[in-house]
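In full-length UniProt numbering, the protein residues as written are 1 to 634.
The beta-carbon is built from N, C-alpha and C at its ideal position, and this holds for glycine as well.
Data first, discussion second: the structure below is written as structure tokens.
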């Protein structure tokens with residue numbers, strides 16, 4: 001950092017900003033006009049923030065006129081100016097807002113970049129472009145800003161050519177707010193046109209509730225060109241989009257409003273717009289995005305919709321207005337009943353907020369139900385992005401658990417792929433004759449679930465099994481015990497009871513075989529000792545010699561591993577070893593000498609644990625035993 005006599009400071013951009021600037025200039029170049037949308041959106045946010053702060057501090061308004069955004073251009077100087085009379089920035093705020101990216105998910109964002117312009121452009125759009133989009137069309141950007149409440153000589157000037165450094169120096173500004181001047185690149189002349197600027201503003205920013213003002217123009221016959229007049233005119237509708245009738249709003253306007261409120265480059269997947277009247281009066285305009293943001297799983301990040309009261313912006317990310325499992329929803333809720341000075345603490349206790357939360361939750365669930373029923377491809381897109389989050393709803397929202405359960409999707413043995421497309425209704429609709437249970441297996445990966453030895457008897461009998469592989473699944477099924485009166489049963493727990501799916505001849509033969517193999521079972525119990533809770537014969541296996549299960553009341557092996565990996569205490573429960581009496585390996589070892597039998601017993605248990613995805617406590621001993629047995633058989 002260097003500091004000169006006139007107190008101008010030269011500072012370096014944060015490393016991530018340098019990367020973002022280069023990526024935007026090259027990857028978003030084909031969509032240059034978004035710079036105007038982004039800067040107008042920022043100006044609108046600045047005015048909203050002033051409105052909110054002025055509720056408690058009306059002196060910040062300084063007696064100035066209505067809040068507005070002004071757009072101007074100078075053909076000779078080749079500049080475009082975007083000015084607002086919003087909250088403005090202090091020196092420290094300018095450095096923080098214009099020189100760094102203080103955003104969770106930053107590192108993951110840069111790790112996902114590929115060098116492919118088209119793919120990178122989509123990622124940048126998800127991450128947000130904001131102020132830095134200026135450099136798509138400008139080779140130099142100047143910002144003059146004065147914080148509301150500060151004196152005229154306490155303004156600041158920020159300048160940069162987007163080359164890794166910026167300067168910041170004192171300035172004077174008669175009114176609060178921010179003025180951004182873009183010095184255009186040689187190839188951005190198209191924006192030095194009133195017609196072009198108005199066309200972009202009407203397309204992308206017509207929903208902005210503040211007036212966007214430009215100078216009027218008229219045709220000068222002598223000069224054979226249009227010239228600017230001193231008279232102002234508003235170029236957008238300048239009314240809050242959510243207050244308009246739905247019939248007066250186009251899909252394109254909804255899409256552009258979503259991009260503004262969600263800071264998303266891509267349009268939404270679906271939306272719902274409603275005015276609710278009754279005990280609580282409010283308007284909701286809620287959107288479901290197409291993709292999850294990078295900070296979806298950041299516990300410190302607030303996720304929520306923007307709250308307005310009588311069209312006055314109050315706060316962003318008001319997470320109290322929707323339950324946590326719907327934290328992917330973006331949009332606004334405008335209440336007619338809440339006080340303007342409402343705080344997050346008041347929101348937690350307000351009866352009106354409870355009514356808004358309940359009504360908005362039902363509205364979002366209805367939107368998702370409509371997608372699932374009428375637009376399955378869109379719902380599949382939603383589920384890929386937010387399915388794991390929605391699953392949290394079965395434990396968080398007892399009032400709507402039945403609706404949430406119907407929206408859940410899973411992979412299954414019926415599909416033959418890891419795509420989570422099977423609903424519980426689909427599964428029940430494919431029940432085999434005599435089937436009265438919904439069977440599932442949990443595992444850490446799709447491959448581990450699809451190849452679980454527990455599936456063998458189900459494949460043989462053609463019975464579908466759900467394959468649950470998300471980390472939230474073990475927790476989820478503890479709340480979903482049944483669906484439409486059909487019990488959900490883990491095929492890796494307890495003794496397998498196929499009920500009417502097993503015929504009487506099978507049951508009698510199994511009883512006879514179990515009696516015949518009692519001596520082998522007792523020898524295995526003796527050999528394994530405290531390593532197992534029990535050993536028994538099973539008929540759930542077809543191709544595997546053995547598997548491990550746990551009792552119905554015990555925590556599954558998979559959940560134990562998840563808790564340990566997360567550093568959480570997990571109650572120890574010993575596995576039950578089940579052997580397949582019809583497997584050649586079991587038949588071969590039942591008459592082995594005691595020493596060799598003990599080795600086989602430990603190998604059987606270790607193999608069964610490995611097939612479940614468990615880590616062996618002593619893998620070297622397993623290798624030694626297996627090698628010894630192989631050499632002994634050679």
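- Comparing C-alpha distances from residue 329 to each of 264, 347, 355 shows the shortest one belongs to 264.
- Counted as a single uninterrupted DSSP element, the stretch harbouring residue 208 is not any alpha helix (DSSP H), since DSSP gives it neither H nor E.
- Here residue 517 has 537, 581 as same chain residues with Cβ atoms under 7 Å from its own Cβ, once five neighbours each way along the sequence are excluded.
- Judged by DSSP in its simplified three-state form, residue 421 adopts coil rather than helix or strand.
- When DSSP reads this structure, residue 82 sits in a beta bridge with 71, 180.
- Shown here, residue 271 sits in a strand according to DSSP, grouped into three states.
- The continuous stretches of alpha helix (DSSP H) do not include residue 315, which lies in the beta strand (DSSP E) extending over residues 312-318.
- A direct Cα-Cα distance of roughly 7 Å separates residue 378 from residue 371.
- The three-state reading of DSSP puts residue 87 in coil, since its state is none of H, G, I, E or B.
- Bounds of the beta strand (DSSP E) holding residue 534 are 534-537.
- A direct Cα-to-Cα measurement between residue 256 and residue 43 gives close to 16 Å.
- Taking each of 8, 150, 69, 46 in turn and checking the Cα distance to residue 60, the smallest one comes out for 150.
- 7 Å or more divides the Cβ of residue 78 from the Cβ of residue 182.
- Excluding its 5 nearest sequence neighbours in each direction, residue 140 has C-beta neighbours in its own chain below 6 Å: 161, 183, listed in chain order.
- Residue pairing by DSSP places residue 155 opposite 171 in a beta bridge.
- In chain order, 228, 229, 231, 232, 233 place their CB closer than 8 Å to the CB of residue 216, counting only its own chain and leaving out the 5 sequence neighbours on each side.
- Counting only the Cα atoms, residue 324 lies some 26 Å from residue 466.
- Taking the Cα positions, residue 530 is about 18 Å away from residue 619.
- In its chain, beyond the 5 residues on either side, 535, 577, 601, 602, 605 have a beta carbon closer than 8 Å to the beta carbon of residue 528.
- By the Cβ-count criterion, residue 188 is buried, with 16 or more other Cβ atoms from all chains shown falling within 10 Å of its own Cβ.
- In the DSSP annotation of this structure, the continuous segment of the alpha helix (DSSP H) that includes residue 405 starts and ends at 401-407.
- Here residue 32 really is in contact with residue 137; their C-beta atoms are around 5 Å apart, less than 8 Å.
- The beta carbon of residue 403 lies closer than 8 Å to those of 365, 369 in the same chain, with the five residues before and after it left out.
- By the criterion of a C-beta distance shorter than 6 Å, residue 273 is surrounded in its chain by 246, 285, once the five residues flanking it on both sides are discounted.
- For residue 17 and residue 39, the gap between their C-alpha atoms comes out near 17 Å.
- Each residue's CA atom was taken as its position, placing residue 356 and residue 314 some 16 Å apart.
- Counting the other CB atoms within 10 Å of its CB gives residue 607 a total of 16 or more, which places it among the buried residues.
- Ranked by Cα distance from residue 63, the first of 157, 94, 174, 163 is 174.
- In this structure, residue 152 and residue 172 form a Cβ contact; the two beta carbons are roughly 6 Å apart against a cut-off of 8 Å.
- Here residue 452 is buried, its C-beta having at least 16 other C-beta atoms within 10 Å.
- Residue 220 is bridged by DSSP to 225.
- Residue 177 is not a Cβ neighbour of residue 13, given a cutoff of 7 Å.
- For the pair residue 305 and residue 321, the CB atoms are nearer than the 7 Å cut-off.
- For residue 386, the enclosing alpha helix (DSSP H) stretches over residues 376-391.
- Exposure of residue 591 is indicated by the presence of fewer than 16 other C-beta atoms within 10 angstroms of its C-beta.
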